[in-house]
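Before any comments, here is the structure.
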């Protein structure tokens, strides 16, 4: 089952020969570090501070428990955990035990969990007893009644309800099998997919995607080169560590250099600043919303953030002025990353790039990747410098959709993954994004790229965040509506917004024709990008009520 159908022998051989892929799994680096740096701290959250040797022993204990439970190679264990030591240990132990871990976000509930269980036929689940007021044990106990294959419930917490297995007891109880060579008897082969991640799209049930360790580790090595990372770095998970480039920066990169990782379970600007100061964090993975909240946090100056070297941002629009403000106020560089949960990594920024490149592009196409820009209507390659649909393939791209060859085939154009984004590539290989194809607004035959308008709008002194979405119109087909989160204590009206655009000589058809003020922009379940479909539904409902 772990075999990726689209990975041919020739592809694997080529990527190995060119040095993009190696035979190592992520857990292998943990075991190597346990020998090289046994007493160095490796992984930290609010409850645990583990050295490489301590963490590796816990991985082995958990691996032994899975094997003793009778799990077979390629059995699936669902994991629904926040940023934490148990999340990392579960992933690593499953890799060693040859078990596919299906990773889901903490915002998924019965509908989404049921869909993943039905698709994967998971035999076990790892989850918190409760988290942020929600009773996860009650939900999974109910799932056992619906899915006979879900037999083992591993519960993270101090108090374990009847019917649950204590995760903490397993990892904290010494085992005779720690370091036993037989723990490797079902271990994954190097180029198999070892995890099933779930997309958190704005509509429909989540899709299950084959994640391959060799591809994710390859991207981690690019980060090491381009960000000059060493064992002295301290990487903080601020956004969910299971999504986007944060996953690679947090989970795949530190073990390869022996760097330390710290987990922030729930983001608040104060909590992030406290973590950066207390742990002397040097690198952070975040989404643009986190930057907004950090630069607006009045207590920021009470913390020493001088250790911070860079913040890697992905998952949404990074307005240029926000990047500049972040660098000035936090005293570090901001770079961007670009890819997809169902594709892998596409491009990444690099620290020695000029500020204009770091903040206006999502970086250069990663070494080994091949990007082609296509006309979205004809499918033909566009001339150099023109806007086109981004398609990609290469050693940083993962497998396909789990047990869904039809969707896998539909996701590709001309042999490459269809990113669904429009962009241009400059002579140095830097990628400028213009927006998603499905987000483009066609107003009376004229094309509005939301990213362009949003970047202008967030430069308004009263605006904190903004999202531009389509709204139906009988005359024009579509018009643009701006959803705006005002800065604290500010109120923006429609005339102020319109005047702001006119003063900058923006074409009249690009100026939003409706303004909606909102307390915060909704995010998709993964928490890593704005849920524009929800905003479109909201404005359609309002328009219908006004008729």
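Numbering (this note's numbering), first residue to last: 246 to 792.
Glycine is no exception: its CB is placed at the ideal position from the N, C-alpha and C atoms.
Beta bridge pairing from DSSP links residue 526 with no other residue.
Beyond the five residues adjoining it in sequence on each side, residue 573 comes within less than 8 Å, by CB distance, of no other residue in the same chain. The alpha-carbon separation between residue 352 and residue 750 amounts to approximately 42 Å.
Linking residue 323 to residue 716 through their CA atoms gives a straight-line distance of about 38 Å. The residues 301, in chain order, have a CB closer than 6 Å to that of residue 276 in the same chain once the five nearest residues on each side in sequence are set aside.
Given a length threshold of 3 residues, each whole run of the beta strand (DSSP E) inside the region 299 to 332 is given here in chain order: 321 to 324.
Taking every protein chain shown into account, the CB of residue 325 has 16 or more other CB atoms within 10 angstroms, so this residue is buried.
Here residue 738 is exposed: its Cβ has fewer than 16 other Cβ atoms, across all protein chains shown, within 10 Å.
Judged by DSSP secondary structure, residue 500 falls within the alpha helix (DSSP H) whose first and last residues are 499 to 502.
Per DSSP, reduced to three states, the secondary structure at residue 468 is helical. Boundaries for residue 253: no alpha helix (DSSP H) harbours it, and the DSSP string shows neither H nor E there. Annotation for residue 502: 469, 474, 475, 476 and 478 place their beta carbon closer than 8 Å to its own, counting only its chain and skipping 5 residues before and after. Taking the C-beta atoms as reference points, residue 714 is found nearer than 8 Å to residue 784. With respect to the C-alpha of residue 450, the residue from 769, 787, 777 and 780 having the closest C-alpha is 769. The region 609 to 629 and the region 563 to 579 do not touch, with fewer than three beta-carbon pairs separated by less than 8 Å. Within the DSSP secondary-structure output, residue 508 pairs in a beta bridge with 482. Annotated three-state conformation of residue 701 is helix, per DSSP. With a contact defined as Cβ atoms closer than 8 Å, residue 678 and residue 665 miss out at about 11 Å. Three or more beta-carbon pairs separated by less than 8 Å are not found between the region 304 to 318 and the region 494 to 512, which leaves the two stretches without contact.
For residue 345, the CB contacts under 8 Å within the same chain, skipping 5 residues up- and downstream, are 246, 247, 319, 320, 321, 322, 339, 365, 438, 439, 440 and 441 in chain order. Separation of the CB atoms of residue 536 and residue 607 is rounded to 15 Å, and the pair is thereby denied contact status at 8 Å.
Sorting 480, 517 and 745 by C-alpha distance to the C-alpha of residue 757 places 745 at the top.
Between residue 766 and residue 730, the C-beta gap is smaller than 8 Å, which places the two residues in contact. Per the C-alpha coordinates, the member of 521, 520, 743 and 723 positioned closest to residue 684 is 723. For the pair residue 628 and residue 620, the Cα-to-Cα distance works out to about 9 Å. Rounded to whole angstroms, residue 395 and residue 427 show a C-alpha spacing of 26 Å. Across the structure, residue 390 and residue 355 are spaced so that their CA atoms are roughly 13 Å apart. At a Cβ-Cβ threshold of 8 Å, residue 488 and residue 586 count as neighbours. Shown here, residue 602 sits in a helix according to DSSP, grouped into three states. Taking 8 Å as the cut-off, the Cβ atoms of residue 725 and residue 688 count as close.
For the 8 Å CB-CB criterion, residue 358 and residue 384 form a contact. Annotated three-state conformation of residue 260 is helix, per DSSP. Inter-segment contact for the region 451 to 462 and the region 257 to 270 is present: three or more beta-carbon pairs are separated by less than 8 Å. In this structure, the beta-carbon distance from residue 480 to residue 528 falls below 8 Å. DSSP, read as helix, strand or coil, puts residue 442 in strand. Collapsing the DSSP output to three states places residue 767 in coil.
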